[in-house]
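What follows is a short report on a single structure.
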Amino acid sequence: MIRVSKVSKRFKVVSAVQKADLHVQKGDIMGLLGPDGAGKTTLLRMICGLITPDEGEILLMGKPLEQLDKYRDELGYMPQRFSLYGDLTVMENIFFFGSMYRLDRSVIKQRADEILDITNLIPFKNRLADQLSGGMKQKLSLTCALITRPSLLILDEPTYGVDPESRKEFWKILYDLNRSGMTLLITTPYMDEAELCTKVAFISEGKIRLVSSPADLKKSFSYPVMQINLKTRRPINLHDLPGILDVSYMGSKVHVIVRDREQGHTEIQNYLLRNRIADATIQEVLPTMEDIFVGLAEGGAERWNMP
Amino acid sequence: MDRILAVLKKEFLQIRRDRMTLGIVLMIPLIQLLLFGYAIQTEVKHIPTTVFDQSLSAQSRDMLEAFTASGYFDVTMTADSYDVVTHNIDSGQAKVGIIFPPDFAHNLKRGTSAQVQVIVDASDSLLANQAIATANSIGLIKSQQILVQKMPSRQLPYDIRVRPWYNPDGITAYFMVPAILGIVVTMTMVILTSVAIVRERERGTLEQLLVTPIKPLELMIGKILPYIAMGYIQITVALLVGVLVFHVPIRGSLLQLYLLTLFFITASLGLGLMISNIAKNQMQAFQMSFFVMLPSILLSGFMFPRAAMPRFIYYLSDIIPLTYYLDIIRGIILKGIGFEYLIGQVTALLVFSIFFLVISTLKFKKKIV
Amino acid sequence: MEYAISTRELTRRFGDFTAVDSLTMDIIPGEICGFLGPNGAGKSTAIRMLCGILAPSSGMATVLGYDLLRETEKIKPKIAYMSQKFSLYDDLSVIQNLDFYAGIYSISARHRRKRMQEMLELAQLTGREKDLVANLSSGYKQRLALAAAIIADPELVFLDEPTSGVSPTSRRQFFEIIKTLAEKGTTVIVTTHFMDEAERCDRIAFINQGKLMALDAPDQLKQQFIAGCMVELTPPDPINYLDQLSSLPYVKETSLHGSQIHVLLAHEEYMSQLARDCGHTPEPIEPSLEDVFIHIARLRKEGGVS
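Residue numbers (the numbering used here), protein chains in the order written: chain E, 11 to 317; chain Z, 307 to 675; chain C, 170 to 475.
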């Protein structure tokens, strides 16, 4: 569906994207992950034809980007920030958006009913967009992006600032769309969402570092992850212990990335003993996407034994 | 004081970084003055004129010469029939048609009234008035010359001597340049400050400021001060153009002009700030600014003399700051008068400034809704 | 003990809509209190009222011992507020933004340089002083916004969704800063949609449809709201498996967590039955705050507005 080859883009002195290669196949839910300013949004905008790359080639559905105008309605794009008209109602926004693609009013109406049914927005058809909650606004944006029935949908941080419950509903919709054959390319700062992608691509400093499925990523992570389960909450500080690469606190759980399994286990155990923490247990777990992300952002791709 | 200083510094930095606005602020007085200073001529000269001379005599040539010598009429085309005259005026190629009948010279010699027909395109009233008045006086003068020769004393019975003060040559630029200066200053000041608050509201930075200990008046003053400096830069640029390009004489004290201008700048900034506090977004602020500016330009006495306005409009123009400033700037530059004659106008501007600032400060609540 | 914030029946209405409904709560000095709740629950409205930039419709509150309604201006020098929008001046540099807020908070010239340096270090922005804010990435902007807000060393800090739209690494750095602040005795109120951040708060205030649903430590909340046995499943297609699970009679709740499903069973003994019914081995787990969140959010939805 998308084939990006050696694409680069510079803004003045900043090199936003450098020789990026990305291949998204039909039926993929591809998650594009990376630190702030890594070039995610720039890459997405280039794929949508909103920014022209300095070099390289982008093929959408096998056709070069220059011909994009002819198959615009095959491509749905949902931008990072809510970019609809707050002073128009839900339906007015949809009609406006649809008419940009020269769709018939009756066609728009029929499709809108279908999509609004999926997105649970039917009762809010006549509400002003400004008066929708954050989660509903996102769904309206999605509805507009879907009005042409695209086969490829690109979403830039669609769940920005949306509460957990609404995020889950949103992902359910994405899965339904995917099952009906739609290919999705998405960016997100939420690692639990990254886990729901069929593939993730990690980008930092404008370069695609690796592409893999979340399950394979976890299996090929080079370092063991130890989880400490604390029965009672108490401050612990493991950062300065030898052989400890990273520590993330999750309330009653602490994830520790260690260089060596045996040594790490002993170090943690000794620490717990020294601090008289008796009610804690240590177990080795699979890394979470969050562990992996932090590992990649801080340590680079060498933490993986990728084939 | 710290807080005013902080706002002041920030505004200066932002102005400096915003090259576009800075450029506009400096270029506006230059361009407007050059454009309007040349373009706005209430005196209409060199009116394109078509002539149909059926007399073809020394007398008709003498009369025609009187017309062209006045400088108001340029004979751009001759006609050989009434139809051609009509065509020339209809098509707009000529604004005035002068027609000498075949018996013109004959009547003049016989001592009976010799007619000259002057057709004027009156769709432009300013031009028409000028042409009619000039044509009439040329007729009178030529008649006088003939009459005087017949008088025993060879002198006219009345002698009215008009002495035009302040602008004896009637140069429009002298009258217009100071006024344009006033308009340029008030326009840029109002528009610049009209977005000052509302822009921060739109960007979300206002919300942050509201949580800080800053007081509304401190914010207002901090926002106004940098633009006073801008106002003075504009005035200086405009005055330089006036003096160097249009040779406007400054008869009064330059120092007084600068001092009294302060009141006008503050009034304009206050007005802009008030708009900014009322408007909900930048677009509204712009629209309100234009809504306020247009009557200012038309009713302040910039183009049309206030004395000729209907009573209601006359009173309306009393609440326009520019009205008073035009008195001040024309007074100092052209009449060379000083503060003692302008106390009333200065007081009015002071009242405006205080009024606008008080309304702005009151209107600016430290709440978002 | 004097509370950092104490509200009684604090209410705010917008027309017919009650954004915050009779909020009564006490915030302990020096704690990190997380405000959690669905979008539009009234978290931001509550914070804006407590900052004194939005007038309450009724009710009363004291902030740092001052009356919120009558002594708003006394409160302001001692609090900081950071909104979701990162209210910075894009056309000024990092250092100019800090200098501006230092001036607004009347920090004397003598202390200013030192304080600004401290803030740069805290926000990990040393070396980028002269960069224009417009050119910073969101993680940097977020830390600069915090630094600018707390330049006057406030006693109380309000953070409204400070970590939306920044990467996991930036979020972690940011929360470390918040922890540092709290250790120095600053009271922190923070709204977030990230449950791992919520887990790190001392106490959580759950707000839904304008009402305070619960205010307690994360562990207490879990015990209080999750009755039954929580187990985790890792099926191949979790999203589409949810409905099927929900229809089982002994399943009280299901929710998706990444590629795992959390299932709340009425009792421990149903575990083996679940294993038989779905063909995967469930693993008993401690409920997470996300489970609590979803539980409370659904409670309101199903029960309607009471």
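Positions of the beta carbon are idealized from the N, C-alpha and C atoms, including for glycine.
Query: Per-residue contacts from T511(Z) into chain C (C-beta, under 8 Å); Result: S256, L257, Y258
Query: Beta-carbon proximity of A367(C) to T360(C), cut-off 7 Å; Result: no
Query: Neighbour list for K245(C) in chain Z, Cβ cutoff strictly below 7 Å; Result: V517, T518, P519
Query: Where P354(Z) falls: helix, strand or coil (DSSP); Result: strand
Query: Coarse secondary structure for S475(C), derived from DSSP in three states; Result: Any reading at S475(C) needs caution, since the residue's pLDDT is 33, under 50, leaving its predicted position unreliable; the model's value is listed next. Three-state DSSP puts S475(C) in coil, outside helix and strand.
Query: Cβ of G184(C) within 7 Å of any chain Z Cβ; Result: no
Query: Distance between E352(C) and S307(C) (C-alpha atoms, nearest Å); Result: 26 Å
Query: Close beta carbons around M201(E), own chain, < 7 Å, minus the five adjacent residues each side; Result: T298, M299, E300, F303
Query: Proximity test, Cβ basis, 7 Å: A188(C) and chain E; Result: no
Query: Span of the beta strand (DSSP E) around R177(C); Result: 174-183
Query: Partners in chain C for K315(Z), counting only beta-carbon separations shorter than 9 Å; Result: Q265, D268, F269, G272
Query: Proximity to A307(E) [Cα-Cα], best of I213(E), S222(E), S223(E); Result: I213(E)
Query: Length-filtered (4 minimum) alpha helix (DSSP H) runs lying within the region 553-603 of chain Z; Result: 560-584
Query: Separation of S227(C) from T52(E), as counted between CA atoms; Result: 47 Å
Query: Contact under 7 Å by Cβ, M11(E) with L152(E); Result: no
Query: DSSP-derived helix/strand/coil call for F255(C); Result: coil
Query: The region 402-410 of chain C contacting the region 232-241 of chain C, beta-carbon criterion three pairs below 8 Å; Result: no
Query: Cα-Cα separation, L560(Z) to L566(Z); Result: 10 Å
Query: Any chain E beta carbon closer than 7 Å to P337(C); Result: yes
Query: Distance between G203(C) and V257(E) (C-alpha atoms, nearest Å); Result: 22 Å
Query: G472(C) versus G66(E) - alpha carbon distance; Result: Confidence in G472(C) is poor, its pLDDT being 46 and thus under 50, which makes the residue's placement unreliable; the coordinate value appears in the next sentence. Distance between the alpha carbons of G472(C) and G66(E): 56 Å.
Query: Straight-line gap, V268(E) to A288(E) (C-alpha atoms, nearest Å); Result: 21 Å
Query: Burial state of Y270(C) (16 or more Cβ within 10 Å); Result: buried
Query: Beta-carbon separation (whole angstroms), C207(E) vs M40(E), contact threshold 8 Å; Result: 6 Å
Query: S18(E) - DSSP class collapsed to helix/strand/coil; Result: strand
Query: Boundaries (first-last residue) of the beta strand (DSSP E) holding Y259(E); Result: 254-260
Query: Outcome for F183(C) when other beta-carbon atoms lying within 10 angstroms are tallied against a minimum of 16; Result: exposed
Query: Spatial distance of L390(C) from V461(C) (CA atoms); Result: 7 Å
Query: Supposed close pair R612(Z), S595(Z) - CB separation, criterion 8 Å; Result: Not quite, the Cβ-Cβ distance comes to about 23 Å (not below 8 Å), so this is no contact.
Query: Among Q237(E), V221(E), L184(E), A155(E), the one whose alpha carbon lies nearest that of I92(E); Result: Checking the sequence shown, residue 92(E) turns out to be Phe, not Ile. Answer by Cα proximity: A155(E).
Query: Buried versus exposed, by CB contacts within 10 Å (16 or more), M609(Z); Result: exposed
Query: Environment of D359(Z) [buried if 16+ CB atoms lie within 10 Å]; Result: buried
Query: Simplified DSSP assignment, three categories, for M146(E); Result: helix
Query: Contact set between Y235(C) and chain Z, taken where Cβ atoms lie within less than 7 Å; Result: Those within 7 Å of Y235(C) in chain Z number zero; the least Cβ separation is about 13 Å.
Query: CB of I273(C) within 7 Å of CB of A312(Z), strictly; Result: yes
Query: Whole-number beta carbon distance between V17(E) and I61(E), since they are thought to touch under 8 Å; Result: 10 Å between Cβ atoms; not a contact.
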